[in-house]
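Residues -17 to -1, 1 to 412 (mature numbering (1 follows the signal peptide of the UniProt record, and there is no 0)) are what the sequence shown spells out, left to right.
C-beta atoms are modelled at their ideal positions from N, C-alpha and C, and glycine is treated no differently.
A short worksheet on the structure shown next.
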Amino acid sequence: MMLRLLSILLLTLSLNAKDIYTIDELIIKALENSPDLKISADDYKASLSRYDKGFASYLPKVDLSLSAAEMGMSDIPTNKDSMVDDTLLLGQLTLKQIIYDFGKTGGSVDSLKYDSDAYLNANEQKISDKKRDVKSAYYNVLQAIALIDVNRENVKLNEAQLYRAQKYFESGIKTKIDVSDAKVELIKSKLDLKKSLYDLELAYASLDEVVGFMGNSTNYEVYSKALNFENILDLLAGYALNLQDSIDFAYKNRFEIKKNLSDIKSAEAQNIVAESGFFPVLYLGANYTKQKADKFEDTMPKDQYKIALNLDYNIYEGGASTAFKEEKRIELNMANSKLNNSKLFIKKQTTQAYINLNKTRDSVTLSQSLLEVSSEKFEQAQKRYEYGLSDFIELQQARQGYIDAKSNLVVSFYEYYDAIALLDNAIGK
């Protein structure tokens, strides 16, 4: 009987158990599950197929044609006076090989290659953005969990104050208004706790969307540890790069910059294609034909072949070549302008992220100092209230100041780590 109860207990625990994910595990899940990343990855794969298709232009084109036909012919040597019907079987093998086209094929293939590189870098940028978004959503969940702990502490403080106010009232030390005020503050703190619990659910919902979890309910938890407010400043990791080094690092490593450079190379290759339109195409053409006709065998060859070196030259097409060349020149200018525009945006983004990192770090430092002072003030207010040197309003203000300082420290702490994630993303780290 005991063994059966133990088995049921273990089964219940296993059914109710939730997976616990660290931030690295959530990033891996996001890379596996996110539909937006799958779309960008498929864009890159499609570009590789287009490159393979374009590269085939270097190779000979071979076609086989087979046909069976019923045909009629008059004035043939075997019968000059009437129409003769016969069955014709024909097979033809043709080959075409580009010899030289003044960069048209090479430019087209190079353009496709650089287009593929651009799609690859765009995909890598999306992966970097996804890592940033997962980190931000993860820190938002941790912040919500920490704020719940703060609000639970607030509820306990208000419960203790209500108990004390009731005892003081029963002893005739304090008035009824202190009990009423304590009840009001307790209800307000419970309301704040309830709101923070819903905020945690909302934070998990945002994390689900970023990671790509499709389930209707959250059956996992994030790995978290309770904050130690006494040594919280020791958890602030410094950033290795200064602002200028961060900008230089971004110019070298941001995938968006690399994509722009690939777009420029693709546009340059397209300009070579446009230039080739003013020159001829030299190619080798060959074909072999085999045909069979019973009644026409004396008038039609059974086998024939031709090998020729050909030159095609488009003399005039109404200015289309000139217009195409101008179009590609403009596209190259646009690609260079987009690169400069991206650099300006990345410089601004990096600068803002770096300033925000310093701002949040200072905010954590000052919030820690504020918490220490607020905690000391709350302790003093409690003693003054006990000794009858102050009223409940002063005590309530000191308690709320302590709770607000602690909440602000929690928010500032996780904003600092979110700022690190934003700066890492901005510089392509």
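The Cβ neighbour count for residue 172, taken over all protein chains shown within 10 Å, is at least 16; the residue is labelled buried.
In this structure, the straight-line span from the alpha carbon of residue 1 to that of residue 203 is close to 5 Å. Less than 8 Å separates the beta-carbon of residue 392 from that of residue 347.
Here residue 402 is buried: its Cβ has 16 or more other Cβ atoms, across all protein chains shown, within 10 Å. For residue 267, the pairing in a beta bridge is given by DSSP as 80, 292.
In the DSSP assignment, residue 122 falls within the alpha helix (DSSP H) that extends over 87 to 153.
Under the 10 Å beta carbon count, residue 134 is surrounded by 16 or more other beta carbons and is classified as buried. By the Cβ-count criterion, residue 236 is exposed, with fewer than 16 other Cβ atoms from all chains shown falling within 10 Å of its own Cβ. For residue 215, no alpha helix (DSSP H) run applies, since DSSP gives it neither H nor E. Residue pairing for residue 204: DSSP places it in a beta bridge opposite 3. In this structure, residue 310 sits away from residue 86, with a CB-CB distance that is not shorter than 8 Å. Put simply, the segment 312 to 322 does not touch the segment 374 to 381. Fewer than three CB pairs are less than 8 Å apart. DSSP, reduced to helix, strand and coil, places residue 73 within a strand of the structure shown. Taking the Cβ atoms as the reference, residue 330 lies roughly 6 Å from residue 230, within the contact range of under 8 Å.
Rounded to the nearest angstrom, the gap between the Cα atoms of residue 44 and residue 268 is 10 Å.
The alpha-carbon of residue 179 is positioned some 16 Å away from that of residue 120.
Residue 17 carries a coil assignment under DSSP once its states are collapsed to helix, strand and coil. Our two residues, residue 292 and residue 82, have alpha carbons roughly 9 Å apart in a direct line. By the 16-neighbour rule on beta-carbons within 10 angstroms, residue 168 is buried. Residue 325 is not a Cβ neighbour of residue 408, given a cutoff of 8 Å. Counting only the Cα atoms, residue 322 lies some 16 Å from residue 333. A straight line joining the alpha-carbon of residue 388 with that of residue 122 spans about 19 Å. Counting along the chain, residue 313 sits inside the alpha helix (DSSP H) bounded by residues 303 to 369. Annotation for residue 165: the continuous alpha helix (DSSP H) segment containing it runs 159 to 194. Looking at 4, 350, 340, the one whose alpha-carbon comes closest to that of residue 221 is 340. A Cβ-Cβ contact shorter than 8 Å links residue 226 with residue 337.
Every unbroken stretch of the alpha helix (DSSP H) spanning 4 or more residues and falling wholly within the segment 214 to 251 is given here in chain order: 226 to 236. Membership of residue 384 in the alpha helix (DSSP H) is indicated by the continuous run 375 to 410. For residue 92, same chain residues with a beta-carbon under 6 Å away, outside a window of 5 residues either side, are 37, 38 in chain order. Of all alpha-carbon atoms in 114, 296, 396, the one lying nearest the alpha-carbon of residue 14 is that of 114. Pairing residue 287 with residue 49, the inter-Cα distance amounts to about 15 Å.
Counting of Cβ neighbours within 10 angstroms places residue 96 among the buried residues, the total reaching 16 or more.
Distance from the CA of residue 5 to the CA of residue 206, rounded to the nearest whole angstrom, comes to 5 Å. Residue 254 counts as buried, since no fewer than 16 other beta carbons sit within 10 angstroms of its beta carbon.
Classified as buried, residue 196 has 16 or more neighbouring CB atoms from the shown chains inside 10 Å of its CB.
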